[in-house]
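Encoded as structure tokens, the structure appears first; notes follow it.
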Amino acid sequence: MPMMSYIDAVTTALREEMERDERVFILGEDVGKRGGVFRATAGLYEQFGEARVLDTPLTESAIVGVAIGAAAYGMRPVAEIQFADFIFPATNQIISEAAKLYYRSNGTWKCPLVIRAPYGGGVHGALYHSQSVEKIFAGVPGLQIVMPSTPYDVKGLLKSAIRSDNPILFFEHKRCYRLIKDEVPQEDYTIPIGKADLKREGSDVTVITYGLPVHLTLEAAKDLEKEGISTHVLDLRTLVPLDREAVVEAAVKTGKVLVIHEDNKTGGFGGEVVATIAEEALFDLDAPIQRLCGPDVPAMPYNPILEKEFMLNKDKIANAIRELAEF
Amino acid sequence: MTLDILMPQLGESVTEGTIVKWIKKPGDTISNYEPICEVQTDKVNAEVPATEAGTLLEILAEEGETVAVGALIARMRPASKEAGSQPEAPSDAKPDQRSEESTSSEKSSMKRRYSPAVLRLAQEHDLDLTLVTGTGRSGRITRKDVLRYLQERKGAVEEKRVISDQQETTPKTLEVAKVESPSVPAKERPAENLKRGDTEIPVSGIRRTIAKRMVSSSQEIPHAWLMMEVNVTGLVGLRNRLKQDFFKREGVRLTYLPFFIKAAIDGLKAFPYLNSVWENDKIILKKRINLSLAVATDEALYVPVIADADEKSILGLAREIHRLVQKVREQKLEPADIEGGTFTVNNTGSFGSIISRPIINPPQAAIITFESIVKRPVVVDGAIAVQDMMNICLSFDHRVFDGLMAGRFLNFVKQRLEAYDENTQV
Chain A
51 MPMMSYIDAV TTALREEMER DERVFILGED VGKRGGVFRA TAGLYEQFGE
101 ARVLDTPLTE SAIVGVAIGA AAYGMRPVAE IQFADFIFPA TNQIISEAAK
151 LYYRSNGTWK CPLVIRAPYG GGVHGALYHS QSVEKIFAGV PGLQIVMPST
201 PYDVKGLLKS AIRSDNPILF FEHKRCYRLI KDEVPQEDYT IPIGKADLKR
251 EGSDVTVITY GLPVHLTLEA AKDLEKEGIS THVLDLRTLV PLDREAVVEA
301 AVKTGKVLVI HEDNKTGGFG GEVVATIAEE ALFDLDAPIQ RLCGPDVPAM
351 PYNPILEKEF MLNKDKIANA IRELAEF
Chain B
3 MTLDILMPQL GESVTEGTIV KWIKKPGDTI SNYEPICEVQ TDKVNAEVPA
53 TEAGTLLEIL AEEGETVAVG ALIARMRPAS KEAGSQPEAP SDAKPDQRSE
103 ESTSSEKSSM KRRYSPAVLR LAQEHDLDLT LVTGTGRSGR ITRKDVLRYL
153 QERKGAVEEK RVISDQQETT PKTLEVAKVE SPSVPAKERP AENLKRGDTE
203 IPVSGIRRTI AKRMVSSSQE IPHAWLMMEV NVTGLVGLRN RLKQDFFKRE
253 GVRLTYLPFF IKAAIDGLKA FPYLNSVWEN DKIILKKRIN LSLAVATDEA
303 LYVPVIADAD EKSILGLARE IHRLVQKVRE QKLEPADIEG GTFTVNNTGS
353 FGSIISRPII NPPQAAIITF ESIVKRPVVV DGAIAVQDMM NICLSFDHRV
403 FDGLMAGRFL NFVKQRLEAY DENTQV
């Protein structure tokens, strides 16, 4: 199996799906000739032409609006929002149109739309290029949110997302793009949306997380193993629909749960995970459920020292796990 | 003092860089902002400048090596620190002390704070949490502590069973405990005696059956009781003579119990009323002699039956006793093994009792106990001698027969046991 970076897995999944189904097309800023600012769509313009890889104006509301129309018409658009921070001008289209189209038309119109957006910090991107935006959409019924952590999951989940009849937000952690490499099969495969993945079996503390912190947690778990602390790690992969069964099972496994995400704590998706456990696993809990998240500050700082302070890292996670293990 | 030189962040989304060339070598003097090495990334080639003037000490990433952003690639000694460089001061021990103090002061407060998981496990396993040692913060009992304790407790019970099997092949009995058997409340009522630290044990299965039968027996049957003293010096001598050969030959230990049972059976043949049942104001004399034998385990008392016991020799009885005791210990008793008993023998001497007042096993009419054999000075032929003495006790249903017959039966059994001597052929 070839080793592939996270971003190569994005490109591969897009290319294979465009080859498989000619209704699939891409639209976004700089996605065509430039091949995307992160090179996610590199080579696709050359292979599929300007009719299927559309460079759009700097108008997110139009990118998503056009994509919704095309989806209703029967196409399979993959819209790229250059940075998740820029998705807000399209929020009206996403929440009030895409999420509700199927319901509003009584099942007559579907909205098979994928919106890809790089999110997250740690790349010196400061306030306009570092935000985590999942919480804005997680409470909107009708939308699905996929947030993979590995190249293998990126390829399988992006293919599932493109083939799904639902509007799906596909958030890619931009720090993972070139940091995370993985063996990815060349053949066609999909991973079901709504299924979490157990990354590591452990008996002392359960960590439930998604995106970049999955890797930081696995590194921390490796270190903690030497101290005799055994960590159970669940990667949600999909936030909506949440794999409640896997969440409860993982929580029950150790009775001590730490939920981690880079998005800030207040109103973050971790609260939903914690509530699920509280609702279904009270009598298996051995410690207060903990959250480790980004701080409640307005933005990711540009100053590298403060950026580092904002971001999660292996040591912060190891400390939080140790705290729980010792409780 | 040294200064770490790290792989710099050279552009957004760049996570690693490759060292192309080291411009400076260890020992070289570096001025501020002077390039130290060349680095190549996905996006750019760049020189890494010094952030201070000083001397390059060591290189930690070779040319051609790809390292993560933020990783240590070299160390230098800054010029400002080169002069009076001092050994590092020993770290202050105070913070450690403080954390230790706060731990000990919190200890009492967390020991009895139980999490839902711990409480649930304790209830499911009827566990007294004060017996569990907490390894959590401030002595808190964690779920793992409870699981570990349960695991160890399970191991300990199994170990105990193995030991008791090795020590005794004679069945142990629990008749004394029966006398104090719990009275089962007619109605459910709140456990008003349950105080903090007490353990409540739900009564179920075999325990409930025992309780029910004992209550109905003591409430329904007018128990009468008598005891006699037996000189078993001859029997003790006989067994001592036989036991080694017997074990070698038969593979089963020769205990006193087969002799006791044999004597009781002979008595039942002579006094058939002892081998009877009370049923609906009628007495039914049983033809078959099926002997119920009380066998105790740590959890409960079982009464397996030696069917047609009167047809068996001492050896046959020894084998049958051994078989039934094994079945009880292995929890493999079948319904056929416990049905149809007509009279009960209880070997209370095996746990050291010298007098007991057994409760009749309904619907039978009587129960006999054989107590401990003890050496005592007694008068034999006008002189004091050390003899092996044993008490035998009988509880009987006074509705079925009276004291006279009970006395005759017990006396018969006594004489049978006293008739043995060292040279008796069995």
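In the order they appear, the protein sequences are chains A and B. Sequential numbering from 51 applies to the first sequence in the working numbering. Sequential numbering from 3 applies to the second sequence in the working numbering. By construction, the Cβ of each residue, glycine as well, lies at the ideal position given by its N, Cα and C atoms.
Point to revise | From A/Asn314, A/Asp285 and A/Glu96, residue whose alpha carbon lies closest to that of alanine 301 of chain A | key: A/Asp285
Point to revise | Cβ pair count under 8 Å reaching 3, the stretch 296–312 of chain A against the stretch 245–259 of chain A | key: yes
Exercise for review: Take glycine 236 of chain B as the anchor and find which of B/Lys23, B/Glu18, B/Met230 and B/Glu424 has the nearest alpha-carbon.
Suggested key: B/Glu424
**Study point:** Inter-residue CB distance, isoleucine 208 of chain B and alanine 302 of chain B (contact presumed, cutoff 8 Å)
**Key:** 4 Å
**Study point:** Limits of the unbroken beta strand (DSSP E) element including tyrosine 202 of chain A
**Key:** From DSSP, tyrosine 202 of chain A is part of no beta strand (DSSP E) but of the alpha helix (DSSP H) over 201–213.
Check your understanding: Which chain B residues sit within Cβ distance under 8 Å of glutamate 275 of chain A?
Key -> Going along chain B, no residue has its Cβ under 8 Å from glutamate 275 of chain A, so there is no contact; the nearest lies around 16 Å.
Practice item. With 8 Å as the threshold, decide whether the Cβ of threonine 144 of chain B is near any Cβ in chain A. Key: yes
Review point. At least one CB of chain B closer than 8 Å to the CB of glycine 80 of chain A: is that the case?
Key: Strictly speaking, residue 80 of chain A in this sequence is aspartate, with glycine absent from that position. It does not: the Cβ of aspartate 80 of chain A has no partner Cβ on chain B nearer than 8 Å.
Review point. Between alanine 265 of chain B and glutamate 252 of chain B, what straight-line distance do the alpha-carbon atoms span, to the nearest angstrom?
Key: The alpha-carbon of alanine 265 of chain B is positioned some 22 Å away from that of glutamate 252 of chain B.
Check your understanding: Going by other Cβ atoms of all chains shown within 10 Å of its Cβ, with 16 needed for buried, is arginine 198 of chain B buried or exposed?
Key -> exposed
Review point. Applying a beta-carbon distance threshold of less than 7 Å, which residues of chain A neighbour asparagine 139 of chain B?
Key: Going by the sequence as given, residue 139 of chain B is arginine instead of asparagine. Under the 7 Å cutoff, chain A gives Glu376 and Phe377.
Check your understanding: Taking the continuous alpha helix (DSSP H) assigned at histidine 324 of chain B, which residues delimit it?
Key -> 316–331
Check your understanding: How big is the Cα-Cα spacing for serine 280 of chain A and serine 253 of chain A?
Key -> 5 Å
Review point. Got a sec? Which residues, its chain only, sit under 7 Å from leucine 374 of chain A by beta carbon, not counting five neighbours each side?
Key: Val255, Lys306, Leu308, Ala337 and Gln340
Check your understanding: How many angstroms separate the CA atom of valine 279 of chain B from the CA atom of valine 234 of chain B?
Key -> 31 Å
Review point. So what's aspartate 273 of chain A in DSSP terms, helix, strand or just coil?
Key: helix
**Study point:** Neighbour flag for threonine 53 of chain B against chain A, beta carbons, 8 Å
**Key:** no
**Study point:** Proximity of leucine 177 of chain A and alanine 121 of chain A at Cβ, strictly below 8 Å
**Key:** Not in contact: leucine 177 of chain A and alanine 121 of chain A (Cβ atoms no closer than 8 Å).
Check your understanding: Between A/Val173, A/Phe220, A/Ile165 and A/Leu207, which lies nearest to leucine 356 of chain A when the distance is taken from Cα to Cα?
Key -> A/Val173
Practice item. Entirely within the stretch 330–375 of chain A and at least 3 residues each: give me those beta strand (DSSP E) ranges in chain order. Key: 340–344
Review point. Would lysine 224 of chain A pass as a contact of aspartate 313 of chain A if the rule is Cβ separation under 8 Å?
Key: It is not a contact, given that the beta carbons lie outside the stated cut-off.
Review point. For alanine 188 of chain A, which of A/Val290, A/Val234 and A/Lys245 has the nearest alpha-carbon?
Key: When A/Val290, A/Val234 and A/Lys245 are compared, the shortest CA-CA separation from alanine 188 of chain A is found for A/Val290.
Exercise for review: Tell whether a beta-carbon distance below 8 Å holds between glutamate 373 of chain B and glycine 351 of chain B.
Suggested key: Taking 8 Å as the Cβ cut-off, glutamate 373 of chain B and glycine 351 of chain B qualify as a contacting pair.
Check your understanding: Which residue comes first and which comes last in the alpha helix (DSSP H) that contains phenylalanine 261 of chain B?
Key -> Per DSSP, phenylalanine 261 of chain B belongs to the alpha helix (DSSP H) from 259–272.
Exercise for review: Using a threshold of 8 Å, state whether the C-beta atoms of serine 180 of chain A and asparagine 142 of chain A are closer than that.
Suggested key: no
Practice item. Decide if the stretch 355–372 of chain A is in contact with the stretch 323–332 of chain A; the criterion is three or more beta carbon pairs, one per stretch, under 8 Å apart. Key: Judged by Cβ distances under 8 Å, the stretch 355–372 of chain A makes no contact with the stretch 323–332 of chain A, as fewer than three pairs qualify.
Point to revise | Counted within 10 angstroms of its Cβ, other Cβ atoms place glycine 29 of chain B as buried (16 or more) or exposed | key: exposed
Check your understanding: Quick one: is arginine 114 of chain B buried, meaning 16 or more other Cβ sit within 10 Å of its Cβ, or exposed?
Key -> exposed
**Study point:** Check whether glycine 19 of chain B and valine 69 of chain B have beta carbons under 8 Å apart
**Key:** yes
Review point. Closest to proline 242 of chain A by CA distance: which of A/Leu332, A/Asp203, A/Gly157 and A/Arg250 is it?
Key: A/Asp203
Practice item. Just the C-alpha distance for lysine 209 of chain A and tyrosine 239 of chain A, rounded to the nearest angstrom, thanks. Key: 8 Å
Check your understanding: Hey, would you say lysine 23 of chain B sits closer than 8 Å to glutamate 64 of chain B, going by beta carbons?
Key -> no
Review point. Under the criterion of a Cβ to heavy atom distance below 7 Å, does glutamate 373 of chain B qualify as lining the ligand GTP?
Key: This structure lacks the ligand GTP, and indeed carries no ligand of any kind.
Review point. What residue range is occupied by the uninterrupted beta strand (DSSP E) comprising lysine 245 of chain B?
Key: No beta strand (DSSP E) holds lysine 245 of chain B; the alpha helix (DSSP H) holding it covers 235–252.
Check your understanding: Around the Cβ of alanine 349 of chain A, are there at least 16 other Cβ atoms within 10 angstroms (buried) or fewer (exposed)?
Key -> exposed
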